[in-house]
Each structure stands twice: as C-alpha cells, then as structure tokens.
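**Q**
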Amino acid sequence: KAGVTQTPRYLIKTRGQQVTLSCSPISGHRSVSWYQQTPGQGLQFLFEYFSETQRNKGNFPGRFSGRQFSNSRSEMNVSTLELGDSALYLCASRRGERSYEQYFGPGTRLTVT
Amino acid sequence: GNSVTQMEGPVTLSEEAFLTINCTYTATGYPSLFWYVQYPGEGLQLLLKATKADDKGSNKGFEATYRKETTSFHLEKGSVQVSDSAVYFCALRPAAGGTSYGKLTFGQGTILTVHP
Numbered sequence: 077k078a079g080v081t082q083t084p085r086y087l088i089k090t091r092g093q094q095v096t097l098s099c100s101p102i103s104g105h106r107s108v109s110w111y112q113q114t115p116g117q118g119l120q121f122l123f124e125y126f127s128e129t130q131r132n133k134g135n136f137p138g139r140f141s142g143r144q145f146s147n148s149r150s151e152m153n154v155s156t157l158e159l160g161d162s163a164l165y166l167c168a169s170r171r172g173e174r175s176y177e178q179y180f181g182p183g184t185r186l187t188v189t
Numbered sequence: 106g107n108s109v110t111q112m113e114g115p116v117t118l119s120e121e122a123f124l125t126i127n128c129t130y131t132a133t134g135y136p137s138l139f140w141y142v143q144y145p146g147e148g149l150q151l152l153l154k155a156t157k158a159d160d161k162g163s164n165k166g167f168e169a170t171y172r173k174e175t176t177s178f179h180l181e182k183g184s185v186q187v188s189d190s191a192v193y194f195c196a197l198r199p200a201a202g203g204t205s206y207g208k209l210t211f212g213q214g215t216i217l218t219v220h221p
C-alpha cells in the first residue's frame, strides 16, 4: 500500500511569491493534517481537513490556507512568502475521524530567499 | 492549552546502553500520548502509543507507560543500536469529545546518537 506522498519534495521561492504544496493521503484515508517543522519552533500544527471540511486551524496567519478535494488529496497555499516561512512542511493522513494513528509523508522542504 | 516538554538533547550513547528520554505533558482530561521517530531526510514514523492511563505502549524494544499521576510518558529501551540514531518526538492528542483528533501537539524533539 502506498504511503503518504508529497510534492514537490524541494522548493525554492523568493520573498513575496506564493507557493502551493500537494499531499496525497494513503488510499482510503479521509483526514489530512498539515504541520510546519522549523529548528526554532519545532513541529507546529497548521490545519486539518476531513471530508473536504477544515476541522481545525493552528495559530498561523491568514497567508496560510488549505483545501481538500473529493478524492481526499489536499493542498496548502502560502501567499506573500516571508523568509521565516522556510521550513519542512509535513502532511499526515488518518483513516477516519477518530483514528489514532497519523501517517506522515516525507515532507516538502521550502526555502524562501 | 496543551503542551509537551521533552528532555533536552542531544543524547549520545554507546551501543547496548540503556535509553531514557523524558516526556511530560500538560492537558485537560485524558489525552492520547505518542512517540514518533524521524530519521534523517524522512517524515515522522509512529513508534508507539498509549490511549489511557497506565497503558504501556511498546514497539521494536521501545516502551513507554502513560502515567496520569505524574503526567509523564517517558521512552525507554534496554539496549540501543546504532540504527536507533534519530530524532524522537513525544506528542499528545486531546481527550476524546472534541474536534481536535487530527491535531497533535509535539515536544521539541530529542536527538539520539548511538556510537558503535
């Protein structure tokens, strides 16, 4: 069974640009969560989607947004990039709303210059 | 709000040494507790979990017991291997009844290096 896939794996963008990251969950999983990982702040929750609805949002500015499609694939978008947005962005999927295990993808490494 | 505190690293051990990584948490009710491991260049892998007080999670020789009285979930392994070198994260999921099942709160991570 294929795991969680994230594309692209690496990305370099310039300050002020916008970026879209993609996540394909494990087949049959309906929940997708996004996390930002930085050396300074560690792992921080961005948002969670279940059946195309945002269920939870972390403490990030409105420049960070996301969505989920009917096939459970998810995208997150960051507009007006800042240097501090450089991070590893991790996506995780769960089978159902109450499932305990989250399965993480390898992440997208975003560098903002 | 919820929070997780892990012992500061890095932790350096010789092969076959005993490992303990401390983890304490702050949360209301009875959250679920997890240990995740991250190898270089990879995402996080679930190592073990405990969903109620006094539960013991175990996997690949690692163990952790959910202690409600001390709000702790310390990770232990009796004999570490070089291949255990990685970053270990303690995490919690809020108690049942809310809408935050997909929101994990992580500790800051502990880097473990095991030498031959």
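Here the protein sequences come in this chain order: A and B. Quick note on numbering: the working numbering labels position 82 of the first sequence as 158, and the sequence is numbered without any gaps. Quick note on numbering: the working numbering labels position 71 of the second sequence as 176, and the sequence is numbered without any gaps. Built from N, CA and C at the ideal position, the CB exists for glycine as well.
Going along chain B, which residues have a C-beta under 7 Å from A:Y165?
**A** The sequence position of residue 165 of chain A within the first sequence is 89, counting from 1. Ordered by position in chain B, no residue passes the 7 Å Cβ test against A:Y165, which lies about 10 Å from the chain.
**Q** Flag A:L119 as yes if its beta-carbon sits less than 8 Å from any beta-carbon of chain B, otherwise no.
**A** Position 43 of the first sequence holds residue 119 of chain A. Interface residue, yes.
**Q** Name the chain A residues whose beta carbon is nearer than 8 Å to that of B:K165?
**A** On the second sequence, position 60 is the one that residue 165 of chain B refers to. Here the premise fails: no neighbours, minimum Cβ distance about 16 Å.
**Q** Can you check whether the CB of B:K208 is closer than 8 Å to the CB of A:F126?
**A** Position 50 of the first sequence, counted from the first residue, corresponds to residue 126 of chain A. Position 103 of the second sequence, counted from the first residue, corresponds to residue 208 of chain B. Cβ distance not < 8 Å, so A:F126 and B:K208 don't count as in contact.
**Q** Taking all protein chains shown into account, do 16 or more other C-beta atoms lie within 10 angstroms of the C-beta of A:P101, making it buried, or fewer, making it exposed?
**A** Start at 1 with the first residue of the first sequence, and residue 101 of chain A comes out as number 25. By the 10 Å Cβ count, A:P101 comes out buried.
**Q** Using only alpha-carbon positions, find the residue among B:L151, B:T110 and B:A132 that is nearest to B:A191.
**A** Stepping through the second sequence from its first residue, residue 191 of chain B is reached at position 86. Answer by Cα proximity: B:L151.
**Q** When the cut-off is 8 Å and only beta carbons count, does B:E113 lie next to chain A?
**A** As a first step, residue 113 of chain B must be located in the second sequence, where it is residue number 8. So, not an interface residue.
**Q** From A:E128, A:S175 and A:T187, pick the residue whose C-alpha is nearest to that of A:N147; which is it?
**A** Here residue 147 of chain A refers to the residue found at position 71 when the first sequence is read from its first residue. It is A:E128.
**Q** Can you give the beta carbon distance from A:E151 to A:S98, rounded, assuming they're within the 8 Å contact cut?
**A** Locating residue 151 of chain A in the first sequence gives position 75, counting from the first residue. Locating residue 98 of chain A in the first sequence gives position 22, counting from the first residue. Their Cβ separation, rounded to whole angstroms, is 5 Å, which keeps A:E151 and A:S98 in contact under 8 Å.
**Q** Hey, B:L149 and A:F180: beta-carbon distance below 8 Å or not?
**A** Looking up residue 149 of chain B in the second sequence gives position 44. Looking up residue 180 of chain A in the first sequence gives position 104. Result yes, Cβ atoms of B:L149 and A:F180 sit closer than 8 Å.
**Q** Among the candidates A:L159, A:T114, A:S155 and A:K133, whose CA atom is the shortest distance from the CA of A:L166?
**A** Looking up residue 166 of chain A in the first sequence gives position 90. When each option's Cα is compared against that of A:L166, the closest is A:T114.
**Q** Could you check whether A:V95 and A:A168 sit closer than 8 Å to each other, using their CB atoms as the reference points?
**A** As a working note, residue 168 of chain A is residue 92 in the first sequence. As a working note, residue 95 of chain A is residue 19 in the first sequence. No. Outside cutoff.
**Q** Starting from the C-beta of B:A196, find all residues in its chain whose C-beta is less than 8 Å away, skip the five residues before and the five after it, and write them out in chain order.
**A** In the second sequence, the residue the question calls residue 196 of chain B occupies position 91. Only V109, L138, F139, W140, Y141, L209, T210, F211 and G212 meet the Cβ criterion.
**Q** Starting from the beta carbon of B:E206, find every residue of chain A whose beta carbon is closer than 7 Å, and list them in chain order.
**A** Here residue 206 of chain B refers to the residue found at position 101 when the second sequence is read from its first residue. At residue 206 of chain B the sequence reads Tyr, which differs from the Glu that was named. Chain A residues near B:Y206: E173 and R174.
**Q** Checking 8 Å against the spacing of the C-beta atoms, do B:T176 and B:T133 come in under that value?
**A** Within the second sequence, the letter at position 71 stands for residue 176 of chain B. Within the second sequence, the letter at position 28 stands for residue 133 of chain B. Going by C-beta atoms, B:T176 is not nearer than 8 Å to B:T133.
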